[in-house]
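So that you can map any letter, position 207 of the sequence shown is 207 in UniProt numbering, and since no number is skipped, the others follow by simple counting. By construction, the Cβ of each residue, glycine as well, lies at the ideal position given by its N, Cα and C atoms.
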Amino acid sequence: MTQPVLLQIPVHGFFICPSTPGSKIPSHGIDKYGIEYAIDFVMVDISAKSQKPYRSSLFTYIIRRLPLSDFYGWGIDVYSPVKGVVVQSVDGLNERNPVNIFNDLLNAERLTKTYNNNLIDSKCLLGNNVIIKTVKMEYIVLAHLQKNSVAVEPGQQVDGSSLIGKFGHSGSSTMPHLHLHAMDNMDFRKAKGIPIVFSQYYVVENGKRVETHNSIPVRDQIMFFD
């Protein structure tokens, strides 16, 4: 296996990772487009007692629609997970508001099918996004950012303290979250995924924070980074 890319967690707070290579590879069910080892971050309540990512009830989420502002993560800062140079930044793409699980699933399915048929490019799937190239020619993708939040431009040098944008719901997204993956090529149709690990974070076990190093979260495990 290719040597994993060592990254910093790009968001601060309590999160779950419903799609993660810590539990399944390929994490998103397909082994192409460079997303074999992709991970999704979904923010949960600061109490860390629930994995629910929104303030309303589950009934309201399923039966009705929720405004983006109802989700804990929407609009929080996203930082660069690695030192490198920005090679792509896309902004200005709309977010679907309100959020409806059925409409968003249909939208994701439609976009994926259209992309597979070569009718749209990867930006439609990623939404507002940033791609960072490391000195080892690894391409780190951060996707589904909030509209008008992208704070970097191509050619800009970044590191772990650099603000990239804000947590959003653009592109092929079923709820506000951050999608991150590493790949070996800027061309998604040619790219192969690269494994990733995170240098340091905490997992919540029995109400306590347990420090973890050089690892990857598992599915639905509540994790924390400050």
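To test your reading of the DSSP string, which unbroken alpha helix (DSSP H) runs of 4 or more residues are found completely within the region 92-124? 101-116
So does the region 153-161 actually touch the region 99-113, counting three or more Cβ pairs closer than 8 Å? Here the region 153-161 makes no contact with the region 99-113; the two share fewer than three CB pairs at distances below 8 Å.
Would you list the residues sitting across from L145 in a DSSP beta bridge? N128, F167
With DSSP as the reference, identify every bridge partner of A182, one or two as the case may be. I140, I194
Out of curiosity, what's the CA-to-CA distance linking S27 and I194? 12 Å
For I16 and D40, what's the separation of their Cα atoms in angstroms? 8 Å
Return helix, strand or coil for S69, following the three-state DSSP convention. helix
Just to confirm, is the Cβ distance from P10 to Y72 under 8 Å? Between P10 and Y72, the CB-CB gap reaches or exceeds 8 Å.
Counting C-beta neighbours from all protein chains within 10 Å, is the total for T174 16 or more, i.e. buried, or is it exposed? buried
Roughly how many angstroms separate the alpha carbons of P98 and V87, rounded to a whole number? 31 Å
Identify, in the order they occur along the chain, each residue of the same chain with its Cβ nearer than 7 Å to the Cβ of P44, setting aside the five sequence neighbours on each side. Checking the sequence, you will find Val at residue 44 rather than Pro. Hits under 7 Å: F14, F15, I16, S50, Q51, K52, P53, Y72, I222.
Got a sec? Which residues, its chain only, sit under 6 Å from S19 by beta carbon, not counting five neighbours each side? Cβ within range, chain order: S27, H28, D40.
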